[in-house]
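What follows is a set of notes on a single structure, which appears directly below.
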């Protein structure tokens, strides 16, 4: 009997491991992941890029073609979900045991793959907080991976409010080689540097983004998106009433109204309650949005509870009002954009009368500056790979853990 010939795979020039909450789908989270993948396609086209996310199957379709080396998995997310409901100490011990010692057929192959990565990068978003306390085990798993592989750790553009275990988040992120957060409460909580939301990285991919001050009148289409998830009892009723009052008021009379879906199902519920004001043919489902691109342009008016719709529409020069649907989670998010200068109004939680839409004509130029700031962060984390003749394999050792961005991931 012939002995099997061992097959030796050539080592990848670079293995990068991204962790994000992709594949739900939720437009903001998908936009962030896509932005990083497009950036890495330019900076590291030859890399093997793993995206660890809750729904890797759908993610593989959402991000198909964005990076030639993209592969999707849910290894760390499954481990985090497995700790739901556990006592914190027991959850930490479980993660430590599985990641460090292996021995679980459900995780070993994925973890062995993760050990090949030179970096683990927690992508931006608002998913590490007290609403989903088990998600903090993603940070724990990343730290344990570094113990066994030497991988460098980064986290960018995180929103951490509301938080119950501030000390735990602070300690975990403080041990990362690089960590930034997107808003003031998160910076105070984590004692981390502030940086723009990760979505600013992808602004040049928007057809309506020019980076120039917005000109002209606000007489374009009216775009609405109101979520039913992450709301407290009764708040959705008030928000629907506020949207109805805006659409039937004199300020928007005669203008075409369209409804945009960020999360399938969660955003359809409010549309159904406004169907007498918005024709079915003007409902834009998530799939169409993803395929055709974000529709914001100067001259439009937006009425939305979605944080990233606020960010992207304002960056494109549209006016709007942000509808608060929770007094803590979304208030912090929209407030961070007001501080950045969008100029939008905010209709507070429980309000049934909408605030008049507003904008800052200068914000598209501000957004361009924030994009450049985010791009510099990305370029320091992932310097463009040198040509093979200039960077022979194995000539530079791994960087020691430190918080200097410029040292992170230089190869």
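Numbering (the numbering used here), first residue to last: 197 to 607.
From the three backbone atoms N, C-alpha and C, an ideal C-beta is built for every residue, glycine too.
As the structure is a computational prediction, the values presented were derived from the model and not from experiment.
Do residue i and residue j have their C-beta atoms closer together than 8 Å?
| i | j | result |
| --- | --- | --- |
| residue 415 | residue 452 | no |
| residue 307 | residue 295 | yes |
| residue 422 | residue 512 | no |
| residue 314 | residue 211 | yes |
| residue 299 | residue 249 | no |
| residue 395 | residue 227 | yes |
| residue 310 | residue 455 | no |
How far does the alpha helix (DSSP H) with residue i in it extend, from its first residue to its last?
| i | result |
| --- | --- |
| residue 610 | Since the first residue shown for the chain is 197 and the last is 607, residue 610 is missing from the structure and cannot be characterised. |
| residue 483 | 482-488 |
| residue 525 | 525-536 |
| residue 362 | 362-370 |
| residue 567 | 559-577 |
| residue 271 | 271-278 |
| residue 683 | Residue 683 is absent from the model: the chain starts at 197 and stops at 607. |
Helix, strand or coil for residue i per DSSP?
| i | result |
| --- | --- |
| residue 226 | helix |
| residue 387 | coil |
| residue 499 | strand |
| residue 251 | coil |
| residue 411 | coil |
| residue 244 | strand |
| residue 236 | helix |
| residue 554 | strand |
| residue 354 | strand |
| residue 436 | helix |
| residue 547 | coil |
| residue 327 | coil |
| residue 406 | coil |
| residue 315 | strand |
To the nearest angstrom, report how far apart residue i and residue j are at their CA atoms.
| i | j | result |
| --- | --- | --- |
| residue 412 | residue 438 | 26 Å |
| residue 251 | residue 446 | 44 Å |
| residue 253 | residue 555 | 39 Å |
| residue 469 | residue 484 | 21 Å |
| residue 586 | residue 236 | In this prediction, residue 586 scores a pLDDT of 47, lower than 50, which makes its location untrustworthy; no coordinate-derived value is stated. |
| residue 608 | residue 459 | Absent from the structure is residue 608, since the part of the chain shown begins at 197 and ends at 607. |
| residue 375 | residue 369 | 6 Å |
| residue 407 | residue 287 | 46 Å |
| residue 410 | residue 552 | 18 Å |
| residue 346 | residue 304 | 18 Å |
| residue 259 | residue 342 | 27 Å |
| residue 337 | residue 568 | 31 Å |
| residue 264 | residue 373 | 27 Å |
| residue 242 | residue 577 | 16 Å |
Any heavy atom of the ligand ATP inside 7 Å of the beta-carbon of residue i?
| i | result |
| --- | --- |
| residue 396 | The ligand content of the structure shown is nil, which means the ligand ATP is not present either. |
Starting from residue i, trace the beta strand (DSSP E) both ways and give me its first and last residue.
| i | result |
| --- | --- |
| residue 516 | 515-519 |
| residue 345 | Not the beta strand (DSSP E): residue 345 falls in the alpha helix (DSSP H), residues 333-345. |
| residue 308 | Element bounds for residue 308: not the beta strand (DSSP E) but the alpha helix (DSSP H), 304-310. |
So, does the region 485-495 touch the region 463-476, judging by three or more C-beta pairs under 8 Å? Taking 8 Å as the limit for Cβ pairs, the verdict is that the region 463-476 does not touch the region 485-495.
Does the region 320-330 come within contact of the region 353-360, defined as at least 3 CB pairs closer than 8 Å? Result yes; three or more Cβ-Cβ pairs closer than 8 Å.
Counting Cβ pairs closer than 8 Å, one from the region 420-435 and one from the region 546-553, do we hit at least three? Contact holds between the region 420-435 and the region 546-553, because three or more Cβ pairs, one in each stretch, are under 8 Å apart.
Should the region 228-240 be regarded as contacting the region 329-341, the criterion being three or more beta carbon pairs within less than 8 Å? The region 228-240, when compared against the region 329-341, does not touch it at the 8 Å Cβ threshold.
Okay, do the region 522-529 and the region 355-373 touch, 3+ Cβ pairs below 8 Å being the bar? Taking 8 Å as the limit for Cβ pairs, the verdict is that the region 355-373 does touch the region 522-529.
Does the region 379-388 come close enough to the region 530-544 to have 3 or more Cβ pairs within less than 8 Å? They touch, by the three-pair rule.
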